[in-house]
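Asker: Chains as they are written, first to last, in the working numbering: chain D, 90 to 232; chain L, 90 to 232; chain Z, 90 to 232; chain U, 90 to 232. Can you read through this structure? Questions will come right after.
Protein chains: 4
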Amino acid sequence: MNKNLEIIRKKFESDNYAVSLGVALDELTEDTIRMRMRLRDDMLNWAGRPHGGAIYALADVAFSVLGNNTNNMSVALDCSITYHESPDPGTMLVVLGQTLSETRRTAAFLFKVYMEKEGDLTLVATMKSLVYRTGKPIDPDAG
Amino acid sequence: MNKNLEIIRKKFESDNYAVSLGVALDELTEDTIRMRMRLRDDMLNWAGRPHGGAIYALADVAFSVLGNNTNNMSVALDCSITYHESPDPGTMLVVLGQTLSETRRTAAFLFKVYMEKEGDLTLVATMKSLVYRTGKPIDPDAG
Amino acid sequence: MNKNLEIIRKKFESDNYAVSLGVALDELTEDTIRMRMRLRDDMLNWAGRPHGGAIYALADVAFSVLGNNTNNMSVALDCSITYHESPDPGTMLVVLGQTLSETRRTAAFLFKVYMEKEGDLTLVATMKSLVYRTGKPIDPDAG
Amino acid sequence: MNKNLEIIRKKFESDNYAVSLGVALDELTEDTIRMRMRLRDDMLNWAGRPHGGAIYALADVAFSVLGNNTNNMSVALDCSITYHESPDPGTMLVVLGQTLSETRRTAAFLFKVYMEKEGDLTLVATMKSLVYRTGKPIDPDAG
């Protein structure tokens, strides 16, 4: 068992923003993550479609967890998101993330957000993200 | 008076996501926007800091309004955000946006998000965004 | 045989910039591309390392070809590139590209640039790109 | 006089890639830069238009100089470029860059590329960029 994964899994439970959005963590490994979020009515924009900010929010929550799974406090530097298609209100969004590269002080990640509908996954957005690793432990007592 | 600005101003009032975040529209012109949002406790991440997704949300709400101020239904293609500094919980965020360029079918925008504290503005994030203009009127009865 | 692929393959031969950089097209399909370029001395920066602009150039040449492989004149809207590692001077760079999504008027692509060294591929950069499709044929006589 | 600016000015003279592109440095301060480059025939793409990679190259050369003007060896992490308009072959491109933010280990910059034609500047591209500062001096003998 990887202690560092347990540390961020535990921390994630107290993430107010993720809780308020209803984001659930399905799977976390050393270099991948899978999360999901139901698109609620309070996430719709003025056109009655799921807001780009809500789609981004799911990817960003996944980024925050995957980017902090080495017990090394990391801060977001940059995210670039492309929107491929507008998901339907009320559907479930699923995000799959993976680590692209790591150096001592920075790391890059790729996230794909899908709409899940009748068992099919449709690509909704792709996000490329960067963190800076501060070098401070998230849990000073671990290890 | 610019009718197109009134159309999107009115629409914005029924933006569920913006309402749930508490975003207020201060100013909208043909090529600029100013909005603000108080950083609430439900916008904090597991480290107790304002979530990157909440900062993005404010910029994205401004993008949605500025990008749709020509009575031409526009959809987000891409957003790239750089985080400069972590704002303090409880402070007010202010976003200033401007149009960079427009063609018949696409438009580009730049947004700067600031933390307002004791009268000073500190740069928190910069976002560069693109829309595709569908050519359909937001309000078919206007003009 | 796909006529549209032949049209852009042929056009690519007269791409001055690609010729001056020495970019070679290895493979082009309806949704993937593979190209390569040797890192020459005239591509080094002041620190004696391959210039970021040269690495981008290879990815961008691939983008220009893959983004125009449907006989629909397409123009670049946006590219976002992350640099993972500095490749060694004199080595061969290989770029692999794939189409992420397409609508009638826009399309998104992902490119990964690798350094090839002693048979191994090391990830050097990742680029996410967007085109706008003008709707004009590249070869009006085709089809 | 700022010694750090002199260090990178001097280094820039031996930048092979910048020399091969014909990039000239007009002005460099602690937080701004101005450079220019003539769009040559060998920078055209298969459609006979200036290649996106050549436009990026100018912005990236400016990034490399402005990002290294503190005698702190810095490496590119990420660049995001939006293309607003296709410049005319043979015209002069001008890039204006500014520092957006700096921390001890990272810095962010914004670059605007213009086409200069009959005395007018037309916005061609906007680039947002990030460096990681290694902490190693560019000139160990300075200071």
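Think of the CB as a built atom: it goes at the ideal place given N, C-alpha and C, for glycine as much as any other residue.
What residues of chain C sit near L219 (chain L), judged by a beta carbon separation below 8 Å?
Answerer: Of the protein chains in the structure, D, L, Z and U, none is chain C.
Asker: Measure the C-alpha to C-alpha separation of S153 (chain L) and G224 (chain U) and round it to an integer number of angstroms.
Answerer: Their Cα atoms are separated by approximately 40 Å.
Asker: Just checking: is the beta-carbon of T195 (chain Z) within a distance shorter than 9 Å of some beta-carbon in chain L?
Answerer: Yes, T195 (chain Z) lies at the interface with chain L (some Cβ there is under 9 Å from its Cβ).
Asker: Roughly how many angstroms separate the alpha carbons of R125 (chain U) and V150 (chain U), rounded to a whole number?
Answerer: Cα to Cα, R125 (chain U) sits roughly 10 Å from V150 (chain U).
Asker: Can you give the Cα-Cα distance for S190 (chain Z) and N91 (chain D), rounded to whole angstroms?
Answerer: Using only the alpha carbons, I get a separation of about 36 Å.
Asker: I'd like the ranges of any alpha helix (DSSP H) spanning at least 4 consecutive residues and lying wholly in the stretch 126-169 of chain U.
Answerer: The stretch 126-169 of chain U contains these whole alpha helix (DSSP H) runs: 141-155.
Asker: Between S190 (chain Z) and chain D, is any beta-carbon pair separated by less than 9 Å?
Answerer: Taking Cβ atoms only, chain D reaches closer than 9 Å to S190 (chain Z), which makes this a yes.
Asker: Which residue comes first and which comes last in the beta strand (DSSP E) that contains S175 (chain Z)?
Answerer: S175 (chain Z) -> no beta strand (DSSP E), and no H or E assigned at all.
Asker: How about I170 (chain D) and I144 (chain D): do their beta carbons lie closer than 9 Å?
Answerer: Yes, Cβ-Cβ distance for I170 (chain D) and I144 (chain D) is below 9 Å.
Asker: Flag D209 (chain U) as yes if its beta-carbon sits less than 9 Å from any beta-carbon of chain Z, otherwise no.
Answerer: Chain Z, which has no Cβ nearer than 9 Å to the Cβ of D209 (chain U), makes this no.
Asker: For the stretch 102-110 of chain L against the stretch 196-207 of chain L, do three or more pairs of beta-carbon atoms, one drawn from each stretch, fall closer than 8 Å, so that the two count as touching?
Answerer: The stretch 102-110 of chain L, when compared against the stretch 196-207 of chain L, does not touch it at the 8 Å Cβ threshold.
Asker: Please decide whether I122 (chain Z) counts as near chain U, where near means a Cβ-Cβ distance under 9 Å.
Answerer: No, no contact with chain U.
Asker: So A146 (chain D) packs on G156 (chain L), CB below 8 Å; how close in whole Å?
Answerer: Not quite, the Cβ-Cβ distance comes to about 19 Å (not below 8 Å), so this is no contact.
Asker: As a quick exercise: from U:G137, U:D177, U:T118 and U:A148, pick the residue whose alpha carbon is nearest that of M216 (chain U).
Answerer: Per the Cα distances, U:A148.
Asker: Give every residue of the same chain whose Cβ lies closer than 7 Å to the Cβ of F101 (chain U), excluding the five residues on either side of it in the sequence, and list them in chain order.
Answerer: For F101 (chain U), where only same-chain residues beyond five positions count, the Cβ hits under 7 Å are A107, L114 and V154.
Asker: For K99 (chain D), does the three-state DSSP call read helix, strand or coil?
Answerer: Here K99 (chain D) sits in helix by DSSP.
Asker: Less than 8 Å between the CB atoms is what I'm expecting for A165 (chain U) and Y172 (chain Z), so what's the real figure, rounded?
Answerer: Sure, about 5 Å apart at Cβ, within 8 Å.
Asker: Kindly indicate which residue of D:S163, D:L133, D:K99 and D:P229 has the alpha-carbon position closest to the one of T192 (chain D).
Answerer: When each option's Cα is compared against that of T192 (chain D), the closest is D:S163.
Asker: Residues of chain D with CB under 7 Å from H140 (chain Z), in chain order?
Answerer: Here the premise fails: no neighbours, minimum Cβ distance about 19 Å.
Asker: Return the CA-CA distance between L94 (chain U) and D230 (chain U), expressed in angstroms with no decimal places.
Answerer: When rounded, the distance between both Cα atoms is 14 Å.
Asker: Let me check understanding here. Comparing Cα to Cα, which of Z:D104, Z:G186, Z:T159 and Z:T180 lies closest to R194 (chain Z)?
Answerer: For R194 (chain Z), the nearest C-alpha among the options comes from Z:T159.
Asker: Is the beta carbon of L219 (chain Z) closer than 9 Å to that of V183 (chain Z)?
Answerer: Not in contact: V183 (chain Z) and L219 (chain Z) (Cβ atoms no closer than 9 Å).
Asker: Which whole-angstrom value is the C-beta distance of D120 (chain U) and N134 (chain Z), which I expect to be below 8 Å?
Answerer: The Cβ separation is near 21 Å, so there is no contact.
Asker: What would DSSP say about A107 (chain D), mapped onto helix, strand or coil?
Answerer: Reduced to three states, the DSSP call for A107 (chain D) is helix.
Asker: Using only the alpha-carbon positions, how far apart do D228 (chain Z) and I96 (chain Z) sit?
Answerer: Taking the straight line joining both Cα atoms gives about 7 Å.
Asker: Compute the Euclidean distance between the alpha carbons of R129 (chain U) and A136 (chain U), then round it to the nearest angstrom.
Answerer: Near 14 Å, if we compare the C-alpha coordinates of A136 (chain U) and R129 (chain U).
Asker: Terminal residues of the continuous beta strand (DSSP E) containing A197 (chain D)?
Answerer: Unbroken beta strand (DSSP E) run through A197 (chain D): T195 to K206.
Asker: Rounded to whole angstroms, what's the CA-CA distance from E116 (chain L) to L199 (chain D)? Just pull it up for me.
Answerer: One C-alpha to the other measures close to 35 Å.
Asker: Helix, strand or coil for K217 (chain L)? Go by DSSP, reduced to three states.
Answerer: In this structure, K217 (chain L) counts as strand in the three-state DSSP scheme.
Asker: What is the rounded straight-line gap between the Cα of P178 (chain L) and the Cα of Y221 (chain D)?
Answerer: C-alpha separation (whole angstroms): 21 Å.
Asker: CB R138 (chain L) to CB T180 (chain L), shorter than 9 Å?
Answerer: No. Outside cutoff.
Asker: What's the C-alpha gap between S175 (chain L) and T118 (chain Z)?
Answerer: Each residue's Cα considered, the two are about 44 Å apart.
Asker: For a cutoff of 9 Å on Cβ pairs, would you count E174 (chain D) as touching chain Z?
Answerer: True, the Cβ-Cβ gap to chain Z drops below 9 Å.
Asker: Taking the beta strand (DSSP E) that H115 (chain D) falls in, what are its first and last residues?
Answerer: Just to set this straight, residue 115 (chain D) is Asp in the shown sequence, not His. Here the beta strand (DSSP E) through D115 (chain D) covers A113 to L117.
Asker: Apply the 10 Å Cβ neighbour rule to G208 (chain L) and answer buried if 16 or more other Cβ atoms are within range, or exposed otherwise.
Answerer: That one is exposed.
Asker: Tell me, which residues are paired with G224 (chain D) by DSSP?
Answerer: Answer is none; G224 (chain D) lacks a bridge partner.
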